[in-house]
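Asker: Pasting a structure below so you can have a look.
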Amino acid sequence: MDKARTMDGQDWLLLLLLSMLWGGSFFFAAIAVRELPPLTVVLVRVALASLTLLPFFWYFGHRLPSGWRQWLPFLGMGVLNNVLPFSLIFAGQTQIGAGLASIVNALTPLFTVIVLAGFGEERLTMSRGFGVLLGVSGVAVLHGSGVSGEDARLSGILLCMGGALSYGFSALWGRRRLSGVAPLKSATCQLICSTAVMAVVAGLIDRPWRLEMPGSGVLLALVALAILATALAYLLFFRLLVRAGAGNVMLVTLLIPVSAMTLAGLFLNEPVHLREIAGAATIGIGLLFIDGRAFGWLAALRTGRNRAGASQESCISNFTRVKHESEHSFSSCGPCRRIRTDG
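In this note's numbering, each residue carries its 1-based index in the sequence shown increased by 1336.
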């Protein structure tokens, strides 16, 4: 993995804002699926988001594909990156809370590593393999929570895992079929394709025109889900990607569950169980190993200790050479004083 760039204050602010928007998507979806079927929620999300992005798309000089063959890569991306994951996650959220759904969604980088390695796109290093094992352990912790409604909970977790797996395949599709395409063009065109697909799917299954009009709270949640948590989040993501690099942007995966659980706890009265915190922490540590930061920190710590040991040996050797053992004091020797302080 490329070495992550150093982030400044503005980068961190953008990262926190992005985590609030994407964490908010689980919160808004939890409100929407109370009164609307998941597929209809997906349709509204992708339709409003595509309409929101189109003005930016044209402002920056992009053009829509001219032939149906040129639309195919965006259609595939729309299915893998929007239609399937949104549908599965929203269906899962009818069984589990927004906080737990966001924690399971944090498995996306783990599935991405597995998919890319399985199709020969990337090598599965020891660090990434260990991170995947930690992620699986985190899911086991989440499932064994000991709360009521265990079957429904497992169903919700599996559905959300399916969404995360679909995101992993979307990364493979994007690498092979959309390499070199401008991010804004990719996002807008795939949302347009997703809207077309969901119009057919939701129309056949949900028949939205026969549904009762939802309450104002649900309508506001739908607008926020589409405009804030999708369109605006895409624009913010592209901006942060240019400023901070992909390695740093992946940190948002660690922050999304915090935002989702906070919003759900404050406004939906969702309880946060201890095992959910433990599972989230385990998955988070796994992500750090996949990202390479954890091994980097361990290597830096080991290097620092080796340097400290070398400094102490140099100090002792020096004071032995000048034969002032009885006069030597750790408090007056810089390297030895530093070692004692660090220890």
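Ideal Cβ positions, reconstructed from N, Cα and C, are used throughout, including at glycine.
Considering W1509, what are the terminal residues of the alpha helix (DSSP H) in which it resides?
Answerer: Taking the first residue of the sequence shown as position 1, residue 1509 is located at position 173. Run containing W1509: E1486 to R1513, per the alpha helix (DSSP H) assignment.
Asker: Applying the criterion that 16 or more other CB atoms from any shown protein chain within 10 Å of the CB defines a buried residue, is N1605 buried or exposed?
Answerer: Within the sequence shown, the letter at position 269 stands for residue 1605. Exposed: under 16 other Cβ atoms inside 10 Å.
Asker: For H1479, which of helix, strand or coil comes out of DSSP?
Answerer: By 1-based counting over the sequence shown, the position of residue 1479 is 143. Helix at H1479.
Asker: In chain order, what residues of the same chain lie with their CB nearer than 8 Å to the CB of V1415, ignoring the 5 residues before and after it?
Answerer: Taking the first residue of the sequence shown as position 1, residue 1415 is located at position 79. So the list reads C1529, S1530 and V1533, once near-sequence residues are dropped.
Asker: Less than 8 Å between the beta carbons of A1569 and L1354, yes or no?
Answerer: Within the sequence shown, residue 1569 is the residue found at index 233, counting from 1. Within the sequence shown, residue 1354 is the residue found at index 18, counting from 1. The answer is yes: Cβ separation under 8 Å.
Asker: Report yes if the CB atom of L1372 is closer than 8 Å to the CB atom of P1550, and no otherwise.
Answerer: Indexing the sequence shown from 1 puts residue 1372 at position 36. Indexing the sequence shown from 1 puts residue 1550 at position 214. Yes, Cβ-Cβ distance for L1372 and P1550 is below 8 Å.
Asker: Please name the residue, chosen from L1508, S1595, V1554 and A1582, that lies closest to L1452 on a Cα-to-Cα basis.
Answerer: Position 116 of the sequence shown, counted from the first residue, corresponds to residue 1452. Here the closest residue by C-alpha is L1508.
Asker: How do the stretch 1577-1596 and the stretch 1432-1446 stand: do at least 3 beta-carbon pairs fall below 8 Å, yes or no?
Answerer: With a cut-off of 8 Å, the stretch 1432-1446 and the stretch 1577-1596 count as touching, because enough Cβ pairs lie within range.
Asker: Among the residues of its own chain, which have a CB less than 7 Å from the CB of F1466, if the five just before and after it don't count?
Answerer: In the sequence shown, counting from the first residue as 1, residue 1466 sits at position 130. Cβ neighbours of F1466 beyond the five flanking positions: F1625.
Asker: Along the chain, where does the alpha helix (DSSP H) that runs through G1601 open and close?
Answerer: Taking the sequence shown and counting its residues from 1, the one referred to as residue 1601 is at position 265. Run containing G1601: V1588 to F1603, per the alpha helix (DSSP H) assignment.
Asker: For L1610 and M1497, what's the separation of their Cα atoms in angstroms?
Answerer: What you label residue 1610 is simply residue 274 of the sequence shown in a count that begins at 1. What you label residue 1497 is simply residue 161 of the sequence shown in a count that begins at 1. If I take the Cα positions, the gap works out to 21 Å.
Asker: Around the Cβ of T1566, are there at least 16 other Cβ atoms within 10 angstroms (buried) or fewer (exposed)?
Answerer: Stepping through the sequence shown from its first residue, residue 1566 is reached at position 230. With 16 or more other Cβ atoms within 10 Å, it is buried.
Asker: What's the gap between the Cα of V1658 and the Cα of V1449?
Answerer: Against the sequence shown, residue 1658 aligns to sequence position 322. Against the sequence shown, residue 1449 aligns to sequence position 113. For V1658, the predicted structure reports a pLDDT of 44, less than 50, and the residue's modelled location is therefore unreliable. The matter cannot be settled from this model.
Asker: Pick out whichever of G1516, T1342 and M1413 has its Cα sitting closest to the Cα of L1527.
Answerer: Working through the sequence shown from its first residue, we reach residue 1527 at position 191. Checked all of G1516, T1342 and M1413; the closest Cα to L1527 is M1413.
Asker: Does chain C have any CB closer than 8 Å to the CB of F1422?
Answerer: Absent from the structure is chain C; it holds one protein chain and no more.
Asker: Going by beta carbon distance, what residues of the same chain come within less than 6 Å of L1478, once the five residues before and after it are set aside?
Answerer: For the purposes of this step, residue 1478 is identified with residue 142 of the sequence shown, where counting begins at 1. Closer than 6 Å at Cβ, skipping near neighbours: G1615.
Asker: Taking N1417 as the reference, give the member of L1556, S1522 and G1433 with the closest Cα.
Answerer: Translated into positions along the sequence shown, residue 1417 becomes position 81. Checking every option, the nearest Cα to that of N1417 belongs to S1522.
Asker: Mapping the DSSP letters down to three states, classify R1459 as helix, strand or coil.
Answerer: The residue given as residue 1459 occupies position 123 in the sequence shown. In this structure, R1459 counts as coil in the three-state DSSP scheme.
Asker: Near D1627, what residues of its chain come up, given a Cβ to Cβ distance below 6 Å and the 5 sequence neighbours on each side ignored?
Answerer: Position 291 of the sequence shown, counted from the start, is the residue given in the question as residue 1627. Answer for D1627: M1586, listed in chain order.
Asker: Any idea what DSSP makes of G1581, helix, strand or coil?
Answerer: Residue 1581 sits at position 245 when you count from the first residue of the sequence shown. Here G1581 sits in coil by DSSP.
Asker: At what residues does the alpha helix (DSSP H) containing E1612 begin and finish?
Answerer: Position 276 of the sequence shown, counting from 1, holds the residue named residue 1612. It spans L1610 to D1627 - the alpha helix (DSSP H) in which E1612 sits, taken as one unbroken run.
Asker: Around the Cβ of Q1406, are there at least 16 other Cβ atoms within 10 angstroms (buried) or fewer (exposed)?
Answerer: Start at 1 with the first residue of the sequence shown, and residue 1406 comes out as number 70. With fewer than 16 Cβ atoms within 10 Å of its Cβ, Q1406 is classed as exposed.
Asker: Got a sec, what are the start and stop residues for the alpha helix (DSSP H) A1557 sits in?
Answerer: Sequence index remark: in the sequence shown, residue 1557 carries index 221 (1-based). First-last of the alpha helix (DSSP H) with A1557: S1552 to V1559.
Asker: For my contact list, P1374 and T1430 are in at a C-beta cut-off of 8 Å; report their separation, rounded to the angstrom.
Answerer: As a working mapping, residue 1374 is identified with position 38 in the sequence shown. As a working mapping, residue 1430 is identified with position 94 in the sequence shown. 7 Å between Cβ atoms; contact.
Asker: Rounding to the nearest angstrom, what Cα-Cα distance links G1482 and L1379 in this structure?
Answerer: Taking the first residue of the sequence shown as 1, we reach residue 1482 at position 146. Taking the first residue of the sequence shown as 1, we reach residue 1379 at position 43. Residue placement at G1482 is flagged as unreliable, the pLDDT there being 48, under the threshold of 50; the coordinate-derived value follows with that caveat. When rounded, the distance between both Cα atoms is 35 Å.
Asker: Could you give the first and the last residue of the continuous alpha helix (DSSP H) run that contains W1348?
Answerer: Along the sequence shown, read from residue 1 onward, the residue named residue 1348 stands at position 12. Taken as a continuous stretch (DSSP letters only), the alpha helix (DSSP H) holding W1348 covers G1345 to A1368.
Asker: Rounding to the nearest angstrom, what Cα-Cα distance links T1677 and L1637 in this structure?
Answerer: The residue labelled residue 1677 in the question sits at position 341 within the sequence shown. The residue labelled residue 1637 in the question sits at position 301 within the sequence shown. Because T1677 sits at a pLDDT of 41, beneath the cut-off of 50, its placement in the model cannot be relied upon, and the following sentence gives the value as read from the coordinates. Looking at the two C-alpha atoms, the distance is approximately 15 Å.
Asker: Start and end of the alpha helix (DSSP H) containing N1441?
Answerer: The count along the sequence shown starts at 1 and reaches residue 1441 at position 105. Segment A1434 to N1441, the alpha helix (DSSP H) holding N1441.
Asker: From the DSSP output, in three-state form, read off Q1431 for me.
Answerer: Here residue 1431 refers to the residue found at position 95 when the sequence shown is read from its first residue. Coil, per DSSP.
Asker: With H, G and I counted as helix, E and B as strand and the rest as coil, what does DSSP make of V1419?
Answerer: Here the question's residue 1419 lines up with position 83 in the sequence shown. Three-state DSSP puts V1419 in a helix.
Asker: If you compare alpha carbons, which of L1514, I1541 and L1576 is closest to P1401?
Answerer: Taking the first residue of the sequence shown as 1, we reach residue 1401 at position 65. Of the listed residues, the one whose Cα sits closest to P1401 is L1514.
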